[in-house]
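Undergrad:
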Amino acid sequence: MADPNHFFNAVDDRYNIDMMIAINRADLAWAEAHPGSIQTQASGQKMLHGSGGAYYMVPTEEFIEYTWEKVEWSLKTFRPTTIAFEEPEMWNVSGYSQGFKDEWKKYFGEEWQDPNSSPEALVKSMELKTYLFERIISIMSERMAEIAPNTTFYI
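Going by our numbering, the sequence shown opens with residue 9, and the numbers climb by one from there.
1. Assign F15 to one of three DSSP states: helix, strand, or coil.
2. Going by the beta-carbon positions, is the gap between S45 and T68 smaller than 8 Å?
3. Note down the Cα distance separating P96 from N158, rounded to an integer number of angstroms.
4. Taking the beta carbon of Q53 as the centre, do at least 16 other beta carbons fall within 10 Å, making it buried, or is it exposed?
5. So, for M27: in the same chain, excluding its five sequence neighbours on each side, which residues have a beta-carbon less than 8 Å away from its beta-carbon?
6. Can you list the beta strand (DSSP E) stretches of 3 or more residues lying completely in the stretch 45–95, in chain order?
7. Who pairs with R33 in a beta bridge, going by DSSP?
8. State buried or exposed for F108, treating a residue as buried only when at least 16 other CB atoms are found within 10 Å of its CB.
9. With burial defined as no fewer than 16 other Cβ atoms inside 10 Å of the residue's Cβ, what is the status of S102: buried or exposed?
10. Tell me the rounded alpha-carbon separation between I163 and R33.
11. Which residues bound the alpha helix (DSSP H) around T138?
12. Would you tell me roughly how many angstroms separate the C-alpha atoms of S133 and F71, rounded to the nearest one?
13. Return helix, strand or coil for Y23, following the three-state DSSP convention.
14. What's the gap between the Cα of H57 and the Cα of R151?
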């Protein structure tokens, strides 16, 4: 992680710091080390954000821990008054990564179904995507409340 003193003295109480943290992306190095968590299309294409500096991620348990490390470091380093979690989204064309398939098995208790195989499978895919982001947001808010109870968070 970067040295906060490189930017400013974060412990100076004259500043109110607000932050925005993406909860749907990971840098290339982390994502490539955890390819099962990358949002993936039926063709096998991994979903890149913008110009390709980050991948869109499935909020798997390992991705939640990766995200928490960044949030926790930010809370302890910058002591923001507010954090906004931006872009909690999974694309409709995703749902084909191993991480998503594993989460399907845990959530539904059955083998993964191709979201394009039936209307029911598509609805289940959307339900799971919603659940996964509800889960990461709940975990982040619970953990934030423990270590930074005066920090407000927005989605």
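Glycine residues also receive a C-beta, built at the ideal position from the N, C-alpha and C atoms. Since the structure is predicted, the reported quantities are computational estimates derived from the model, not experimental observations.
TA: A quick look at the data gives this:
1. Counting from 1 along the sequence shown, the entry for residue 15 is found at position 7. In this prediction, F15 has a pLDDT of 49, which is less than 50 and means its spatial position is unreliable; nothing more can be read from the coordinates.
2. If you number the sequence shown from 1, residue 45 lands on position 37. If you number the sequence shown from 1, residue 68 lands on position 60. Taking 8 Å as the Cβ cut-off, S45 and T68 qualify as a contacting pair.
3. Along the sequence shown, one-based indexing puts residue 96 at 88. Along the sequence shown, one-based indexing puts residue 158 at 150. So the two alpha carbons sit approximately 23 Å from each other.
4. One-based indexing of the sequence shown puts residue 53 at position 45. So Q53 counts as exposed.
5. Here residue 27 refers to the residue found at position 19 of the sequence shown. Result list for M27: S82, F86, P88, T90, I91, A92, in chain order.
6. 62–64, 90–94
7. Within the sequence shown, residue 33 is the residue found at index 25, counting from 1. Bridge partners of R33: Y64.
8. Within the sequence shown, the letter at position 100 stands for residue 108. Under this definition F108 is a buried residue.
9. If you number the sequence shown from 1, residue 102 lands on position 94. With 16 or more other Cβ atoms within 10 Å, it is buried.
10. Indexing the sequence shown from 1 puts residue 163 at position 155. Indexing the sequence shown from 1 puts residue 33 at position 25. Distance between the alpha carbons of I163 and R33 is about 15 Å.
11. As a working mapping, residue 138 is identified with position 130 in the sequence shown. It spans 127–155 - the alpha helix (DSSP H) in which T138 sits, taken as one unbroken run.
12. Taking the first residue of the sequence shown as 1, we reach residue 133 at position 125. Taking the first residue of the sequence shown as 1, we reach residue 71 at position 63. Rounded to the nearest angstrom, the two C-alpha atoms are 19 Å apart.
13. The count along the sequence shown starts at 1 and reaches residue 23 at position 15. Coil at Y23, not helix or strand.
14. The sequence position of residue 57 within the sequence shown is 49, counting from 1. The sequence position of residue 151 within the sequence shown is 143, counting from 1. Rounded to whole angstroms, H57 to R151 spans 27 Å at the Cα level.
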